[in-house]
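All remarks here apply to the structure that follows.
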């Protein structure tokens, strides 16, 4: 279970051992920031290994909104993000 502002012992080890990669794509964002320039879709965090910076980014910078956006555009963006090579 994740508790904001609290890190459990061994959490950083879980992150450092993982080969999984994640990205944060926000649909219905007031901000538009993505390589395909789809409106109201924000690639808030690029594809990479999960880390504490990503979690802090979610806590501090992502706020709910009531903006409409096309979920299919977000899906296309997600596929585009996945096809790009990562380090």
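Residue numbers (the working numbering): 25 to 111.
Glycine included, every Cβ here is placed at the ideal spot set by N, Cα and C.
All values derive from a computational prediction rather than experimental measurement.
I need the straight-line Cα distance from residue i to residue j, nearest angstrom please.
i	j	result
residue 46	residue 90	24 Å
residue 66	residue 86	10 Å
residue 53	residue 64	5 Å
residue 76	residue 43	15 Å
residue 106	residue 71	8 Å
residue 98	residue 57	12 Å
residue 82	residue 48	9 Å
Cutting at 6 Å between CB atoms, please list the residues of its own chain near residue i, excluding the five before and the five after it.
i	result
residue 50	66, 68
Quick one: give me the first and last residue of the beta strand (DSSP E) that residue i is part of.
i	result
residue 50	46-51
Determine the burial state of residue i: buried for a count of at least 16 other Cβ atoms within 10 Å of its Cβ, exposed for fewer.
i	result
residue 101	buried
residue 61	exposed
Going residue by residue through the region 68-100, where are the continuous alpha helix (DSSP H) segments of at least 4 residues, counting only ones entirely within it? 76-85
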